[in-house]
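Engineer:
Protein chains: 4
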Amino acid sequence: MVETVKPRRRQARGERRIAQLLDAAAKVFAAEGYVAATMNAVAAAAEVSPGTLYQFFPNKESMAEALAEQYLDALSVAQARGEGAEVLGVPLDDVINRMVDPAIEICLANPGFEPLFSWSDRLRTAVVERVDDIIARRVPEIDPSRRRLIATVTVRIFAAVLPQILATTGREQLEYTRELKRVLRAYLLDISD
Amino acid sequence: MVETVKPRRRQARGERRIAQLLDAAAKVFAAEGYVAATMNAVAAAAEVSPGTLYQFFPNKESMAEALAEQYLDALSVAQARGEGAEVLGVPLDDVINRMVDPAIEICLANPGFEPLFSWSDRLRTAVVERVDDIIARRVPEIDPSRRRLIATVTVRIFAAVLPQILATTGREQLEYTRELKRVLRAYLLDISD
Amino acid sequence: MVETVKPRRRQARGERRIAQLLDAAAKVFAAEGYVAATMNAVAAAAEVSPGTLYQFFPNKESMAEALAEQYLDALSVAQARGEGAEVLGVPLDDVINRMVDPAIEICLANPGFEPLFSWSDRLRTAVVERVDDIIARRVPEIDPSRRRLIATVTVRIFAAVLPQILATTGREQLEYTRELKRVLRAYLLDISD
Amino acid sequence: MVETVKPRRRQARGERRIAQLLDAAAKVFAAEGYVAATMNAVAAAAEVSPGTLYQFFPNKESMAEALAEQYLDALSVAQARGEGAEVLGVPLDDVINRMVDPAIEICLANPGFEPLFSWSDRLRTAVVERVDDIIARRVPEIDPSRRRLIATVTVRIFAAVLPQILATTGREQLEYTRELKRVLRAYLLDISD
DNA sequence: GATGAATGAGAGTTCATTCAT
DNA sequence: CATGAATGAACTCTCATTCAT
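Going line by line, the protein sequences match chains A, B, C and D. Residue numbering for the first sequence follows numbering that gives the first Met the number 0, starting at 0 and increasing by one per position. Residue numbering for the second sequence follows numbering that gives the first Met the number 0, starting at 0 and increasing by one per position. Residue numbering for the third sequence follows numbering that gives the first Met the number 0, starting at 0 and increasing by one per position. Residue numbering for the fourth sequence follows numbering that gives the first Met the number 0, starting at 0 and increasing by one per position.
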């Protein structure tokens, strides 16, 4: 009984550390981009020695992957809140809002998201698959390979406008967000026909 | 007298050299991306010593900028061929075709374009300005700051789908191209109203 | 009273631990060589944390020394079995057999021996002293400093052929062993005259 | 004509550098052993920046190989001086002298030899092949595989006594050298029968 | 005792850039 | 102009060792 606590403490310390390190990595990725980011910079940002980094992550890529995983989880959680089965009898605008808004919130809260989204095929593919799913539910009659095409383009559009949203604030940020939704609506309305 | 000839020859040789070096740079940027590309690799690709590179370009960035300039020129030439003042009485589809098709041709012919387009704000801004111009001519009543917004998003969308077009061939490439045009038409039609 | 028991248990446990750790060290030394072996690797091989290693050995060197000591003991035991005072009235071949065979058995059974034998002057010197002793008993009239020289060369020869014996198996191993004995006999016969 | 000189100068500079770097490497290998030697130490010993090292050698191993090659050449040259076809009608002692003496001279003059000889299978094998050759010429009736065995053991013996020769000076050095020859003679006489 | 996170110096290696030739 | 050797700071990653728990 006591013994189930002790290991937990150790793990807890480790997991806290991991979260802390990933946080630092996200900051550095955001500031420099994934390719230009260095492990030393991440270590410094985490106020930790380089060796500590390597106790948890064998290399830079693995940090990126862990971060990507974390973001995917966050996306799932955020989108699950407003989704459900109501993809069908609902206006397209609502579906778009319920996809885009939490995604942007996560990107704003996690500045590491955008550089990873550019870099990680895995992360992009995972998001594409979700969008593909939603399209499948809403427009079941569509051809799967065409659906994949549309999902891919949809995600690319999101990724394309995202940097503008992140680079701005206030009214301008809102405008870009509105514009993003406008593009998506126009594009996806065109599809449904 | 001799001096007016020799310099010309020198300049001519120099420009040939520059073109050759930029070609090599484009190849390396295409293969590795701008950040990962190394000057040594560019020198090797040009079959030239690193020192020679620095005789023409003070640093890596300046190579990128020179390349960007070159691409902008190519864009101008290509788009001038089919444009003119006929932005007005013409269907939107035609305008889009005359913008997108030559751009994609250039990107396919110059594999260094895409990495630079991601990297160089200057290149992207220049293209945004052209699109802004066209919109201004076609929809003069639109508010300039909103026009700039639309132009920016338009270019971002192009940049977003471009990698998919470049990464694929044949039918898939055509499909992505068609999809890109579809997005742009849907978005810009929405605007014009 | 309780206190005389507990410490013993503790010591017993400690010695078992030490044996276990030295075993792991031997394996790693054998696989990587002393210099390339890492304490982390030893800890992992012992299924123990690095900290535990340092509870018993202040540093890497001390592990090597403890292992060397252990091997020296094993050598003593093994050679005591067939030795005694019968160094005198006995053919040289027998003496060589009774020295070489147990030594090789120990080396085969303890793969950590060879790397340490190359590394540890102390281990080599101890063996040299034993050989010196035997020569002294068999050829008492020999000059001590010359005797030391011969003992040193004898041990070096053994150490030189040993890797070949350990690197091979079956017939080839036997051949190298026979060759080793042949060298030693030829050399030492030459001496006795 | 002038053009055949200019490139030579460049190459000459490079080759002089290479010789200089290999010299430094030899010193460091001699002082620390191959495994413990570091590229930074070699660079420092050559009074050169680490980068310069890597302009000529892609890694530590390649330095070792280049050095080994150089030593093999030196061995060839040295042994060619006193050898010829007179392996046959000549006393064994003479053959041994003509093999061992130049080898030891080289080892004394090139302190990098010994550590490499321990490390490089390639170097050892090359020397084994030479010895094999000589045995083949002198004792043609011997079975090739047994000949190889003998050559291997012979070289191992040389390598085994070598450190003692290098670690000592003056009379002691001479004694070890004499002892080495004694071992070899005794062993090889035993063979010829 | 045992753990494993933490350290930090240092290893090998790279690369933009400079400079003597 | 061209060369390629030279630089040195910076990078990724390792490892003997320490220390809080």
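We put the beta carbon where it would ideally sit given N, CA and C, even for glycine.
Does any CB atom of chain C fall closer than 8 Å to the CB of D/R172?
Structural biologist: Note on residue identity: the sequence assigns Gln, not Arg, to residue 172 of chain D. So, not an interface residue.
Engineer: Determine, using beta carbons only, whether B/T124 comes closer than 8 Å to chain A.
Structural biologist: False, the Cβ-Cβ gap to chain A never drops below 8 Å.
Engineer: Answer with buried or exposed for A/R123, where buried requires no fewer than 16 other C-beta atoms within 10 angstroms of its C-beta.
Structural biologist: A/R123 is buried by the Cβ-count criterion.
Engineer: Counting only Cβ pairs nearer than 7 Å, list the residues of chain B close to A/R155.
Structural biologist: The answer, in chain order, is A159, V160, Q163.
Engineer: With 8 Å as the threshold, decide whether the Cβ of B/R181 is near any Cβ in chain A.
Structural biologist: Yes - at least one Cβ of chain A is within 8 Å of the one on B/R181.
Engineer: Below 7 Å CB to CB, which residues in the same chain sit around C/P57 once its five sequence neighbours on both sides are set aside?
Structural biologist: So no residue of the chain qualifies.
Engineer: Run the proximity test for D/G50: is its beta-carbon closer than 7 Å to any non-hydrogen atom belonging to the ligand NAP?
Structural biologist: Among the ligands in the structure shown, none appear at all, so the ligand NAP cannot be discussed.
Engineer: Please give me, in chain order, every unbroken run of the alpha helix (DSSP H) with length at least 4 that falls completely inside the segment 90-120 of chain B.
Structural biologist: Runs of the alpha helix (DSSP H) inside the segment 90-120 of chain B: 91-108, 112-118.
Engineer: Between the segment 113-137 of chain D and chain C, which residues of the former have a C-beta closer than 7 Å to a C-beta of the latter?
Structural biologist: If the cut-off is 7 Å between Cβ atoms, the segment 113-137 of chain D has nothing near chain C.
Engineer: In or out: B/N39 buried (at least 16 other Cβ within 10 Å) or exposed?
Structural biologist: Looking at its Cβ environment, which holds fewer than 16 other Cβ atoms inside 10 Å, B/N39 is exposed.
Engineer: Whose CA, out of A/R16, A/D92, A/P101, lies closest to the CA of A/Y53?
Structural biologist: The option with the nearest alpha carbon to A/Y53 is A/R16.
Engineer: Taking 6 Å as the limit between beta carbons, can you name the residues of its chain near C/L71, skipping five residues before and five after?
Structural biologist: Same-chain partners within the cutoff: A125.
Engineer: To which residues of the same chain is C/L173 closer than 7 Å at the C-beta, ignoring the five residues directly before and after it?
Structural biologist: Once the five neighbours on either side are set aside, C/L173 has no close Cβ partner at all.
Engineer: I want to verify the contact list: residues of chain D whose CB lies under 7 Å from the CB of C/V47, in sequence order.
Structural biologist: Ordered by position in chain D, no residue passes the 7 Å Cβ test against C/V47, which lies about 26 Å from the chain.
Engineer: If the cut is a Cβ gap below 7 Å, which residues of chain C does D/D189 touch?
Structural biologist: Result: R181, A185.
Engineer: Give the DSSP-derived three-state secondary structure of D/N39 in the structure shown.
Structural biologist: Of the three classes helix, strand and coil, the one that applies to D/N39 here is helix, per DSSP.
Engineer: If you draw a straight line from the C-alpha of A/V160 to the C-alpha of D/E60, how long is it?
Structural biologist: Near 50 Å, if we compare the C-alpha coordinates of D/E60 and A/V160.
Engineer: Using 8 Å as the limit for Cβ to Cβ distance, is D/T51 near chain C?
Structural biologist: Taking Cβ atoms only, chain C never reaches closer than 8 Å to D/T51, which makes this a no.
Engineer: Alpha helix (DSSP H) containing A/Y53: first to last residue?
Structural biologist: Counting along the chain, the alpha helix (DSSP H) containing A/Y53 begins and ends at 49-55.
Engineer: At which residues does the alpha helix (DSSP H) containing A/T167 begin and terminate?
Structural biologist: No alpha helix (DSSP H) contains A/T167, which DSSP labels as neither H nor E.
Engineer: Take every Cβ of the segment 104-116 of chain B, pair it with every Cβ of the segment 133-149 of chain B, and state whether three or more of those distances are shorter than 8 Å.
Structural biologist: No: the two stretches stay apart, fewer than three of their Cβ pairs being nearer than 8 Å.
Engineer: Determine the chain C residues that contact D/E178 at a beta-carbon separation under 8 Å, and present them in chain order.
Structural biologist: Within 8 Å Cβ-Cβ: L148, I149, V152.
Engineer: Would you mind working out which of B/E31, B/V41, B/D120 sits nearest B/Q19, comparing C-alpha positions?
Structural biologist: Here the closest residue by C-alpha is B/V41.
Engineer: How long is the line joining the alpha carbons of D/S119 and D/P162, rounded to whole angstroms?
Structural biologist: Distance between the alpha carbons of D/S119 and D/P162: 16 Å.
Engineer: Would A/Q78 and A/P101 qualify as a contact pair, given that the criterion is a beta-carbon distance under 8 Å?
Structural biologist: Going by C-beta atoms, A/Q78 is nearer than 8 Å to A/P101.
Engineer: Can at least three beta-carbon pairs, one atom from the segment 21-35 of chain B and one from the segment 18-37 of chain C, be found at a separation below 8 Å?
Structural biologist: These segments do not touch.
Engineer: Note down, in chain order, every chain B residue with its Cβ under 7 Å from the Cβ of A/A35.
Structural biologist: Under the 7 Å cutoff, chain B gives V34.
Engineer: Taking the C-alpha atoms as reference points, what is the distance between B/V27 and B/A36?
Structural biologist: Cα to Cα, B/V27 sits roughly 6 Å from B/A36.
Engineer: Which value, in whole angstroms, describes the spacing of the CA atoms of D/R97 and C/I95?
Structural biologist: Approximately 31 Å between the Cα atoms of the pair.
Engineer: Do A/D132 and A/R147 have their C-beta atoms within less than 8 Å of each other?
Structural biologist: Cβ atoms of A/D132 and A/R147: not closer than 8 Å.
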